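By the count of the numbering used here, the sequence shown reaches residue 446 at its end, each step adding exactly one. Ideal placement from N, C-alpha and C gives every residue a C-beta, glycine not left out. Quick caveat: nothing in here was measured; it's all calculated off a predicted structure. One structure is given below, encoded as structure tokens.
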Amino acid sequence: MEVITETLRGSFEECWLAYLQSSYHLFICSQQEIQMKNYDAIISNRELADYFAQRKSLPIEFMPYFILTTDALSLQAENIAPLNTLDFPVLEHLMARIPPNRLGSFRELFRRKQDLHRLEERLDRYFDWDPGEFMYFAETRLGTSSGMGKVLKEVTSASYDEMDARYIQAVQTHAIKLNTSSSYGRAFRKLISRDNCEAASAFIAKIAGSVSRIPNPLQDIGECFYFENQYNEALAVFEQQWQTHQTRETPLFYGRTLIKLNRFNEALTWFERAREFGVDRKSKIDFYTAVAYEGLQDAINATHYYLETLKDPDSSREERSRKALLRLDQASPAGSLP
């Protein structure tokens with residue numbers, strides 16, 4: 109890359125650098141200032157936009173985010189690289205013996221010298237460049253494990269504040285612009301995986317007309333709130349889920365949430381509903397039923413259901429059940445428990 113850059117510097121006034129894949133880069137060079145002409149006409153072409161959305165999962169408005177820098181000629185290493193000429197085709201010989209990680213040195217050079225604020229200032233002439241969209245777009249095109257993808261995430265995070273909020277917004281914008289079933293599902297799963305329950309809930313409300321493309325989103329949002337210890341929020345979502353669409357997964361989580369709120373009698377009612385649906389392992393329902401009875405200080409029923417839990421040899425709650433039985437035994441008068 110250093111040889112290419114040094115050679116281009118001798119022939120062109122300005123060069124931009126874009127990526128198409130993690131190891132496939134494109135130099136755009138000119139003797140004059142490079143301009144993005146007809147950008148508005150391109151993004152308003154519905155046939156072109158639909159092609160990129162359907163075939164490439166690429167919002168046409170995001171295409172400028174392929175551009176890494178508008179000042180590629182400044183990416184100059186400390187040691188001057190040789191020029192590639194017809195008389196001395198050094199690049200040809202270098203390519204023949206290039207090691208697999210040769211781009212690593214270029215990525216490090218890019219990391220040290222890239223100025224995203226300068227890139228933003230230049231591209232803002234043509235569209236509203238956003239660091240969150242730039243980072244998320246790189247993630248979708250390069251993946252989270254590629255070397256350049258990691259560098260772009262690091263450089264962007266170091267250059268701008270509030271990147272988490274910017275990233276979350278970019279996830280939603282990307283999906284809405286694509287307007288495909290897979291894009292909505294991918295965005296929703298991304299928000300849930302980052303434990304951003306509020307953003308996931310707001311996203312579902314925003315795409316209400318397309319929510320049928322995502323199976324049981326309210327269940328996922330409720331579970332997200334539950335595991336974030338936001339139990340009142342989780343309960344409200346599970347109630348909404350139950351009122352609009354009674355899924356098999358809801359009763360057990362509804363009951364578990366009620367336990368966290370010390371509403372043990374109500375929880376028992378929901379565990380009975382979970383038994384009726386029969387979607388979960390019996391031992392799983394037995395365990396949380398025991399927890400509810402223990403919360404009610406009903407040691408006899410609690411002991412019974414902890415023992416029922418232990419009848420399942422594959423139960424993941426065996427250790428917790430045994431500890432609970434020991435706790436109940438120590439707290440009860442001698443001989444009062446089975």
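Of the candidates Glu114, Leu250, Thr177, Met256, Thr177 places its Cα closest to the Cα of His225. Under DSSP, Ala126 forms a beta bridge with Leu134, Ile175. The alpha helix (DSSP H) runs lying completely inside the segment 332 to 417 and spanning 4 residues or more are 339 to 352, 358 to 368, 372 to 385, 390 to 403, given in chain order. Distance from the CA of Ile168 to the CA of Phe245, rounded to the nearest whole angstrom, comes to 12 Å. A straight-line Cα-Cα distance of about 20 Å links Leu433 and Arg389. Closest in C-alpha terms to Phe311, from the list Ala295, Glu122, Ile112, comes Ala295. The beta-carbon separation of Glu331 and Phe379, rounded to 17 Å, does not stay under the 8 Å limit for a contact. When Tyr127, Ile136, Ser131, Glu247 are compared, the shortest CA-CA separation from Leu116 is found for Ile136. Our two residues, Cys305 and Lys164, have alpha carbons roughly 29 Å apart in a direct line. Counting C-beta pairs with one atom in each stretch, the segment 147 to 161 and the segment 260 to 273 have fewer than three that are closer than 8 Å, which means they do not touch. With 16 or more neighbouring CB atoms inside 10 Å of its own CB, Ile276 falls in the buried class. For Asp158, the uninterrupted alpha helix (DSSP H) segment begins and ends at 154 to 164.
Scanning the segment 239 to 288 from its first residue to its last, the whole alpha helix (DSSP H) runs of 4-plus residues come out as 239 to 250, 255 to 267, 271 to 286. Cβ-Cβ separation between Gln327 and Thr377: approximately 19 Å, too far for a contact (criterion under 8 Å).
In the displayed model, Tyr292 falls within a helix according to three-state DSSP. For Ser119, no alpha helix (DSSP H) run applies, since DSSP gives it neither H nor E. Per DSSP, the continuous alpha helix (DSSP H) segment holding Glu228 begins and ends at 224 to 231. Contact between Arg383 and Ile393 holds: their C-beta atoms lie close to 6 Å from each other, under 8 Å.
Counting C-beta atoms within 10 angstroms of its own C-beta, Pro325 has 16 or more neighbours from the protein chains shown and is therefore classed as buried.
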